[in-house]
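> This is the structure, below, for whatever I ask next.
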Amino acid sequence: MQKFYLRVLPYVISLVVGAIIFAFVEYIEDANWQNLVLNISAGLISVPFVFICYEFIKNISKGKIRNKVRDYVKFHSEKMFFSFLKYIYTWFYPTEKTSIVLDRVKVQRLLDLEVQDIEKMLTEKALLGFFVYKDMASIITNLSDILKDKNINEYINDSEMIHFMDIFRNSTLIVRETVDFIMVGKNESLNVEREDNPHNSMYVLYFDKIRIDSGNFVDDETSKLLLYFKVPTELIELLSHQIYDLLDDINDLTKIMGIDYWNEDYPYGIKSPNQ
265 MQKFYLRVLP YVISLVVGAI IFAFVEYIED ANWQNLVLNI SAGLISVPFV FICYEFIKNI
325 SKGKIRNKVR DYVKFHSEKM FFSFLKYIYT WFYPTEKTSI VLDRVKVQRL LDLEVQDIEK
385 MLTEKALLGF FVYKDMASII TNLSDILKDK NINEYINDSE MIHFMDIFRN STLIVRETVD
445 FIMVGKNESL NVEREDNPHN SMYVLYFDKI RIDSGNFVDD ETSKLLLYFK VPTELIELLS
505 HQIYDLLDDI NDLTKIMGID YWNEDYPYGI KSPNQ
């Protein structure tokens with residue numbers, strides 16, 4: 265709005281000057297001079313008035329476009345953030361006999377973790393390959409696309425952009441760190457099946473007939489899904505800070521953008537990502 269005021273300020277000044285000149289017409293006795301002053305005054309008033317109307321309409325249109333783009337960014341950000349939250353949640357709070365479904369309490373439990381909490385869990389826990397080696401490349405790519413698209417990122421303010429860039433950096437680094445995880449065992453009670461769908465590579469984790477979780481995996485990682493892994497000691501501190509920073513940035517952007525993961529009244533008639 266401040267930019268709008270700055271753009272129209274010269275036109276407003278011209279209007280004021282035109283009005284002042286018009287006010288002095290009655291004090292001019294010569295008809296020729298009166299006509300000249302009236303013409304000058306009319307030009308100073310009419311031309312800026314047209315431009316002010318143009319800027320006003322342009323500002324309204326730009327506001328509508330901004331709201332549409334913000335809705336688009338918010339929707340896709342919510343999907344990405346929720347995917348990251350579930351990805352990290354399953355590392356620390358996996359289940360083997362019930363389906364993994366996040367709710368407000370579980371998400372808040374994750375967001376309340378401190379660095380030392382994460383370090384402790386990474387030190388003590390063995391992480392199931394199905395949860396660790398999910399293919400997050402498409403989510404990270406979608407985030408990168410938002411950052412690189414000039415038609416979109418001009419509607420993201422500087423504070424939000426910093427958070428987006430930090431999320432992109434830390435999520436990329438976290439996925440990269442998993443390459444060096446150490447295999448320590450195998451799960452004998454769960455099984456993995458690939459969905460009978462030629463259009464995706466979705467795998468499903470089952471306990472007996474109970475669907476625990478699902479995800480996409482690159483072909484090179486499918487042999488690791490039922491194996492347990494530990495984080496190398498030398499990576500624990502670094503990885504803990506990366507995870508903490510990722511969760512913190514997601515939490516901040518969730519508040520800034522007014523994201524509600526449990527909202528069913530969503531743009532484009534699409535249900536929220538947790539449905």
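The sequence shown: position 233 = 497 (the numbering used here), numbered continuously.
Where a beta carbon is used, it is the ideal one built from N, C-alpha and C, also for glycine.
1. Considering K384, what are the terminal residues of the alpha helix (DSSP H) in which it resides?
2. Could you tell me which residues DSSP puts in a beta bridge with L491?
3. Just the Cα atoms here: how many angstroms apart are V495 and K328?
4. Let me check one thing: in DSSP terms, what residues is M344 bridge-paired to?
5. Between the alpha carbons of L502 and I438, how many angstroms are there, rounded?
6. May I have the straight-line CA-CA distance separating I416 from E342, to the nearest angstrom?
7. Tell me whether F471 sits in a helix, a strand or coil according to DSSP, three-state version.
8. Alpha carbons only, please: which of K361, M400 and I446 is nearest the one belonging to L499?
9. To the nearest angstrom, how far is it from the Cα of E388 to the Cα of I382?
10. Could you give the C-beta distance for L454 and L490, rounded to a whole number, given that I count them as a contact under 8 Å?
11. Does any C-beta atom of chain C lie closer than 8 Å to the C-beta of I446?
12. Going by C-alpha distance, which of L517, V280 and K473 is nearest M425?
13. So for S478, helix, strand or coil by DSSP?
14. In terms of residue numbering, what span does the alpha helix (DSSP H) encompassing F394 cover?
15. Would you call G533 buried or exposed, if buried means 16 or more other Cβ atoms sit within 10 Å of its Cβ?
16. Is the beta carbon of P358 less than 8 Å from the beta carbon of L392?
17. Considering only the alpha carbon of each residue, which of K412, F395 and D512 lies closest to F356?
With the given structure in hand:
1. V379 to E388
2. K450
3. 48 Å
4. Answer is none; M344 lacks a bridge partner.
5. So the alpha carbons of these two residues sit roughly 9 Å apart.
6. 16 Å
7. Three-state DSSP puts F471 in a strand.
8. I446
9. 10 Å
10. 6 Å
11. This model lacks chain C altogether, as it is built from one protein chain only.
12. L517
13. strand
14. Annotation for F394: the continuous alpha helix (DSSP H) segment containing it runs G393 to V396.
15. Low confidence applies here, because G533 scores a pLDDT of 42, under 50, leaving its location unreliable; read the following figure in that light. Its Cβ having fewer than 16 others within 10 Å, G533 is exposed.
16. yes
17. F395
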